[in-house]
Structures are given as C-alpha cells and as structure tokens.
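Numbering (the working numbering), first residue to last: 40 to 255.
Shown next as structure tokens:
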C-alpha cells in the first residue's frame with residue numbers, strides 16, 4: 040500500500056494519538072530520571088567523603104545525561120503526527136479483541152523494508168484505548184491505519200525486514216469521518232478479506248517477540 044495523504048489536525052492528534060502520547064512519556068521519563076541521577080551524582084560527589092565517591096558521582100552524572108539525551112532523541116525520532124502519516128503506508132486493521140478498557144487491533148502489513156521489493160505480508164498488533172468516531176467497538180470492525188515501522192530484523196539468507204510494525208489509526212489524526220471513510224475504501228477488498236480470514240490467529244501473534252507474525 041501507498042501512503043494515504045491527508046491534512047492532519049495536529050491539535051486533535053495531540054489529544055488522541057496514543058503513539059505521540061507514548062513519545063511524550065518517553066521524553067518526560069528520560070528527562071526526569073536523568074535529572075534525578077545528575078542530582079544524585081552531585082550529592083554523592085560533594086557529600087560523601089571516601090575518594091571512590093567522586094568516581095561514583097561522575098558515573099551517575101554521566102548516566103543521567105545519557106538518559107536525558109535518549110529521552111529527547113527518542114521523542115524527536117517519532118516526529119509530528121503529520122510526519123508520521125506522511126512517512127508510513129496505509130494498511131487495513133480490524134478489532135481482534137475487545138477488552139473492558141481497550142481493544143486489540145490486528146493489521147495486515149508489509150514487513151519488507153523496500154516498498155518496491157516483493158511484499159512480505161505479516162500480521163501486526165497494537166492495543167489502543169480509543170478510536171475516535173468508531174461507535175461500535177466490536178470484533179471485526181474495520182479500522183484503516185498507517186503501518187508505523189519500528190525495529191529492524193537482519194536476515195542472513197534474504198533481504199532485511201521489519202521485526203516490529205505498529206498500527207496507527209487514521210482516526211487519531213483527524214476528526215473528519217469522511218477522511219477516515221476514504222482511507223478505508225482506498226484499501227483493496229482482498230486485503231480486508233485476508234485480514235478477516237486470519238483474525239483468529241491473535242494468540243499466535245501475541246506469542247511472537249514483537250507482536251508481528253509473518254504470513255509467508
């Protein structure tokens with residue numbers, strides 16, 4: 040599938056996009072934990088008498104700085120909502136399981152890194168708490184998503200593939216129901232059919248390391 044182009048409502052996405060929310064948590068936790076370590080390092084260096092305290096203090100300070108950098112870098116790597124939707128291809132997803140407070144999305148994605156190469160179909164999962172505009176949260180409900188690639192898998196016997204792909208609902212980026220409808224109808228019918236045929240493989244996917252099950 041190709042990228043589905045639409046104008047993202049950044050304010051709406053900031054409120055509803057759980058991937059951006061995770062990114063903000065990473066930033067806050069990195070800065071907070073890093074700050075705590077830096078303060079602890081300074082206190083150890085100045086208040087503890089043994090000479091080894093200087094080494095420990097410096098180590099804590101450096102580790103704290105590294106944690107802060109990781110948090111900032113991780114947040115920047117995700118980018119804005121518009122950048123995410125413009126970067127990753129459209130894919131079909133359905134609700135595979137309804138829990139009390141969330142639902143599990145199952146998406147049919149392409150694990151091939153090169154979009155021009157032979158497709159490597161796979162099933163990917165993501166647990167979400169809300170899908171704006173979806174009135175009936177039931178198993179089988181269709182949810183168009185962007186397939187956000189994550190971890191890379193090196194293959195010695197073939198081309199490298201994605202080891203982790205996270206479905207990101209189009210509905211997280213816009214309050215316009217018509218945009219979501221166009222995205223849904225842009226996905227070929229045979230892809231929806233393939234996904235529905237595999238909806239009972241939830242347990243198999245959850246048994247994989249990164250919730251990604253190759254179909255071929």
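Cβ coordinates follow ideal geometry from the N, Cα and C atoms, glycine included.
In the structure shown, the three-state DSSP call for residue 219 is helix. Using a 10 angstroms sphere on the CB of residue 191, the tally of other CB atoms stays under 16, which defines it as exposed. In this structure, residue 131 lies near residue 226, with their beta-carbon atoms less than 7 Å apart. Nearest to residue 161 by alpha-carbon distance, out of 174, 147 and 127, is 147.
By the neighbour-count definition (other C-beta atoms within 10 Å, threshold 16), residue 250 is a buried residue. Residue state for residue 58 is assigned as helix, using DSSP reduced to three classes. Remark: C-beta atoms of residue 212 and residue 120 approach each other more closely than 7 Å. Ranked by how close their Cα comes to the Cα of residue 144, the residues 122, 207 and 171 have 207 in first place. A straight-line Cα-Cα distance of about 20 Å links residue 254 and residue 41.
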